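Chemist: Per the UniProt record's numbering: the sequence shown = residues 1 to 359.
Positions of the beta carbon are idealized from the N, C-alpha and C atoms, including for glycine.
Given the structure is predicted, the values throughout are model-derived calculations rather than measurements.
What follows is a single structure, and I will ask about it in a moment.
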Amino acid sequence: MSHTAPEPTAPRPAGQSTPPPADAPAQPDLPAQSDLPAQPAAPVKPAPAAPARPGQPSTRKHTALPKARTLIEALPWLTRHHGKCVVIKFGGNAMVDDDLKAAFAQDVVFLRHAGLRPVVVHGGGPQISAQLDRLGLESTFAAGLRVTTPEAMDVVRMVLAGQVQRELVGLLNQHGPLAVGMTGEDAHTMTATKRYARVDGEPVDLGRVGDITHIEVGAIQALLDDGRIPVISSIARSGDAADGPAGGVFNVNADTAAAALAAALGAETLMVLTDVEGLYADWPHSDEVISQLTASQLEKLLPELASGMVPKMEGCLTAVRGGVTTARVIDGRVPHSILLEIFTDEGIGTMVVPDEEQT
Numbered sequence: 001m002s003h004t005a006p007e008p009t010a011p012r013p014a015g016q017s018t019p020p021p022a023d024a025p026a027q028p029d030l031p032a033q034s035d036l037p038a039q040p041a042a043p044v045k046p047a048p049a050a051p052a053r054p055g056q057p058s059t060r061k062h063t064a065l066p067k068a069r070t071l072i073e074a075l076p077w078l079t080r081h082h083g084k085c086v087v088i089k090f091g092g093n094a095m096v097d098d099d100l101k102a103a104f105a106q107d108v109v110f111l112r113h114a115g116l117r118p119v120v121v122h123g124g125g126p127q128i129s130a131q132l133d134r135l136g137l138e139s140t141f142a143a144g145l146r147v148t149t150p151e152a153m154d155v156v157r158m159v160l161a162g163q164v165q166r167e168l169v170g171l172l173n174q175h176g177p178l179a180v181g182m183t184g185e186d187a188h189t190m191t192a193t194k195r196y197a198r199v200d201g202e203p204v205d206l207g208r209v210g211d212i213t214h215i216e217v218g219a220i221q222a223l224l225d226d227g228r229i230p231v232i233s234s235i236a237r238s239g240d241a242a243d244g245p246a247g248g249v250f251n252v253n254a255d256t257a258a259a260a261l262a263a264a265l266g267a268e269t270l271m272v273l274t275d276v277e278g279l280y281a282d283w284p285h286s287d288e289v290i291s292q293l294t295a296s297q298l299e300k301l302l303p304e305l306a307s308g309m310v311p312k313m314e315g316c317l318t319a320v321r322g323g324v325t326t327a328r329v330i331d332g333r334v335p336h337s338i339l340l341e342i343f344t345d346e347g348i349g350t351m352v353v354p355d356e357e358q359t
């Protein structure tokens, strides 16, 4: 049987469909392309960025980098102060401004968690004056110190231990059970004898105002060793024989108390919060702040200082002469001034250091 080879079929142009066989059923008519409803275009997704090749920096912006730089700047200071005791005198405008009080509490708790051992000593000048006014008792001062009558002493005791200290302890303990309040009377922590001021070369009786004669640090050390933050009101038990065996109490300037306590504890630093930027070089003729001076330089300046700065700078001198490494006067009106002073290169305020022969 012979077979006839099929004739070769010409190749179809690209895109041309194969014609249906002759006996295939007819296809229904389809609408023209122009008659179809328009279809929305599919959204075009941007192509993912190619990952950075090894060795190439990422192009992504890291907004937290400035925070990292701040932490790194603090590293040398964290290392230097770790495990060291820092005595902080809390006072001035920071005591009456709610935002500044909250910032102060945050700073102190930060010090504690950063490995330092903070101790807070506080006065309460504005609160004492306000309470005395409400009771119709006059507030008088001599050589920067409050003249404290027996009636005023009762008010001082009540305001410091019952109002200022309790509020401060509460603010600190918002961040954890850390702060413990006490006064200089407790555990005989502070003992004082009567103090006289000198005005124009003449002695002035200040009433129940005392000078620290002895510090017993046992109770404070126990609190520090337990990880607590002691908050101490500047009231001292009397060491005067005239007060008898029952004793009495003295109102002690908080700057003086903080300085004596810093020396007794062998603190690394005494910090005194004030309502000024620091110690001015030529006040009131200049607002230039002295950033650093030695104990001897400060001693020469003391007779020229305004009365309000005298107890603060005397306290700094006492602390440094008593073995404290540095004493600093800083502006308590600046939020977080404690952290700025301790953990930044620039610092803030005035720092008193020992004389070269003492270091």
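Measuring only the C-alpha atoms, how far is Gln292 from His214?
Modeler: Taking the straight line from one Cα to the other gives about 29 Å.
Chemist: So the candidates are Asp275, Arg134, Phe110; which of them puts its Cα closest to the Cα of Asn93?
Modeler: Of the listed residues, the one whose Cα sits closest to Asn93 is Asp275.
Chemist: State the DSSP-derived secondary structure class of Arg12, mapped to helix, strand or coil.
Modeler: Low confidence applies to Arg12: its pLDDT is 49, below 50, so where it sits in the model is not reliable enough to give any reading.
Chemist: In the DSSP assignment, the beta strand (DSSP E) including Gln292 goes from what residue to what residue?
Modeler: That run of the beta strand (DSSP E) goes 292-294.
Chemist: Quick one: residues in its chain with C-beta nearer than 6 Å to the C-beta of Gly278, no 5 flanking neighbours on either side, listed in chain order?
Modeler: Hits under 6 Å: Val289, Val329, Gly349, Thr350.
Chemist: Let me check one thing: in DSSP terms, what residues is Leu273 bridge-paired to?
Modeler: Paired residues: Ile330.
Chemist: Kindly identify the DSSP beta-bridge partner or partners of Ser233.
Modeler: Note: Ser233 sits in a beta bridge opposite His122, Thr183.
Chemist: From this set, Phe104, Phe90, Thr189, which residue's C-alpha is nearest Leu340's C-alpha?
Modeler: When only C-alpha atoms are compared, the closest one is Phe104.
Chemist: With a threshold of 16 other CB atoms inside 10 Å of the CB of Thr63, please say whether the residue is buried or exposed.
Modeler: Looking at its Cβ environment, which holds fewer than 16 other Cβ atoms inside 10 Å, Thr63 is exposed.
Chemist: Report back the beta-carbon spacing between Ala77 and Ile338 to the nearest angstrom; my notes put them in contact at under 8 Å.
Modeler: According to the sequence shown, residue 77 is Trp rather than Ala. At roughly 12 Å, the Cβ-Cβ gap does not stay under 8 Å, so Trp77 and Ile338 are not in contact.
Chemist: Report the three-state DSSP secondary structure of Gln358 (helix, strand or coil).
Modeler: Residue placement at Gln358 cannot be trusted, given a pLDDT of 48 that sits under 50; what the coordinates show is reported in the next sentence. It is helical.
Chemist: In whole angstroms, what is the alpha-carbon distance linking Val96 and Arg333?
Modeler: Roughly 10 Å between the two C-alpha positions.
Chemist: In chain order, what residues of the same chain have a beta carbon less than 7 Å from the beta carbon of Pro118, not counting five sequence neighbours either side?
Modeler: Answer for Pro118: Val86, Ile88, Val108, Leu111, Arg112, Ile229, listed in chain order.
Chemist: May I ask you to report which of helix, strand or coil DSSP gives Thr4?
Modeler: Annotation note: pLDDT 49 at Thr4 (below 50); position unreliable, coordinate value reported separately. Looking at Thr4 - three-state DSSP - the assignment turns out to be coil, as it is neither helix nor strand.
Chemist: Quick check on the burial criterion: 16 or more other C-beta atoms within 10 angstroms. Buried or exposed for Gly239?
Modeler: So Gly239 ends up on the buried side.
Chemist: Could you tell me if Glu151 is buried or exposed, where buried requires 16 or more neighbouring beta carbons within 10 angstroms of its beta carbon?
Modeler: The residue in question, Glu151, is exposed, as its Cβ has fewer than 16 Cβ neighbours within 10 Å.
Chemist: Taking 6 Å as the limit between beta carbons, can you name the residues of its chain near Glu216, skipping five residues before and five after?
Modeler: Counting only Cβ-Cβ distances below 6 Å, and skipping sequence neighbours, we find His188, Thr189.
Chemist: Between the C-alpha atoms of Val353 and Ser139, what's the straight-line distance to the nearest angstrom?
Modeler: Each residue's alpha carbon lies about 35 Å from the other.
Chemist: Kindly indicate the opening and closing residues of the alpha helix (DSSP H) around Pro76.
Modeler: Its alpha helix (DSSP H) spans residues 65-81.
Chemist: What is the DSSP secondary structure of Ile338, reduced to helix, strand or coil?
Modeler: The answer is helix: DSSP assigns Ile338 an H, G or I state.
Chemist: Using only the alpha-carbon positions, how far apart do Val155 and Leu168 sit?
Modeler: Going by the C-alpha atoms only, they are around 18 Å apart.
Chemist: Shortest alpha-carbon distance to Pro177 belongs to which of Phe90, Pro203, Asp226, Met271?
Modeler: Ranking Phe90, Pro203, Asp226, Met271 by Cα distance to Pro177 puts Asp226 first.
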